[in-house]
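Put into structure tokens, the structure is as follows:
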């Protein structure tokens with residue numbers, strides 16, 4: 093590999109670590125359960141001639157994503173108890189797929205009825221990773237906000253996209269838009285006609301004063317302040333800190349649907365059925381407000 097190449101985003105930390113520290117992500121997944129039921133109800137199941145295939149894009153180690161897939165499986169069972177189902181959990185090659193299958197075994201794999209087949213795919217969801225025209229239900233939760241490769245942009249006074257200004261912010265927005273277009277194009281190839289896709293994640297919204305509010309912005313700024321202190325104490329290489337950017341971009345609702353609307357590059361590939369933002373409570377902050385225990389807050393959040 094070219095030593096000067098931009099690092100590619102890797103999978104979540106395995107061995108159960110991510111599962112233990114993903115209560116926030118569980119809450120986001122829970123917000124989508126009713127939508128998943130509607131997606132299943134919209135499928136033309138009598139035309140499914142073999143197995144109904146569900147794709148879970150960016151599954152991580154599975155503790156959260158099996159909830160989404162499980163909701164789909166249970167609703168599919170209500171509609172057709174004996175219909176064969178095939179769930180595909182996809183993530184990067186570095187992902188801990190052993191933990192995924194442990195979580196699957198403890199969740200929807202035991203649902204009664206017809207056979208449930210489970211498989212894994214290793215690869216980037218910015219590319220096509222399953223055959224064309226095979227997916228009936230696609231799901232992606234808490235994953236599409238990651239950049240495909242580490243942005244090579246310096247943001248003075250911060251490590252987060254929302255603190256970038258001017259040309260730097262525009263460059264990050266273009267990189268994120270290109271990534272999003274790649275993601276959607278791949279899904280357009282993989283979905284069957286009439287298939288459904290749900291993408292959930294963190295976002296940027298407008299404030300009443302016309303400014304913006306990006307998920308995690310306050311936390312990431314505090315992390316930068318701590319890193320600054322570490323650099324001053326020679327515990328962290330200052331030059332590395334100056335070049336580092338947390339590789340996440342929180343799209344606005346407008347940015348998310350732009351490629352699909354009239355005039356967008358993918359207007360003929362998708363239809364926007366619903367697009368919305370909602371505030372999800374921070375479970376770690378809520379616990380801190382109850383207990384005031386900063387050590388527990390730090391342990392659970394990190």
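Numbering (the numbering used here), first residue to last: 93 to 394.
We put the CB at the ideal spot given by N, CA and C, even for glycine.
The three-state secondary structure of residue 285, taken from DSSP, is strand.
In this structure, residue 205 places its C-beta atom within 8 Å of the C-beta atom of residue 169. Secondary structure at residue 237: coil, using DSSP grouped into helix, strand and coil. Per DSSP, reduced to three states, the secondary structure at residue 336 is coil, with no helix or strand assignment.
Per DSSP, the beta bridge partners of residue 292 are 233. In the DSSP assignment, residue 214 forms a beta bridge with 183. By the CB criterion at 8 Å, residue 260 and residue 247 fall inside the cutoff. By the neighbour-count criterion, in which 16 or more other beta carbons inside 10 Å mark a residue as buried, residue 337 falls on the buried side. The C-beta distance from residue 187 to residue 152 rounds to 7 Å, short enough to meet the 8 Å contact threshold. With a beta-carbon spacing of about 6 Å, residue 156 and residue 233 fall inside the 8 Å limit used to define contacts.
Residue environment: residue 314 is assigned as exposed (fewer than 16 neighbouring CB atoms within 10 Å of its CB, all protein chains considered). Bounds of the beta strand (DSSP E) holding residue 146 are 144–149.
In this structure, DSSP gives residue 252 a state outside helix and strand, which the three-state scheme calls coil. Residue 310: not part of any beta strand (DSSP E); member of the alpha helix (DSSP H) spanning 309–324, first to last residue. Counting every other CB atom within 10 Å of its CB across the protein chains shown gives residue 219 a total below 16, marking it as exposed. In this structure, the alpha-carbon of residue 179 lies about 10 Å from that of residue 162. Under the three-state reduction of DSSP, residue 208 is assigned to strand. Taking a C-beta distance under 8 Å as the contact criterion, residue 217 and residue 275 qualify as a contact pair. Take residue 123, set aside five residues on each side of it, and the residues of its chain with a beta-carbon closer than 8 Å to its own are 292, 370, 372, in chain order. Residue 335 and residue 117 have their alpha carbons spaced roughly 28 Å apart. Fewer than three beta-carbon pairs drawn from the stretch 272–286 and the stretch 297–308 are found closer than 8 Å, and the two stretches are therefore not classed as touching. As DSSP reads the structure, residue 178 sits in a beta bridge with 145, 209.
A direct Cα-to-Cα measurement between residue 361 and residue 389 gives close to 44 Å. According to the DSSP secondary-structure assignment, residue 306 is paired through a beta bridge with 296.
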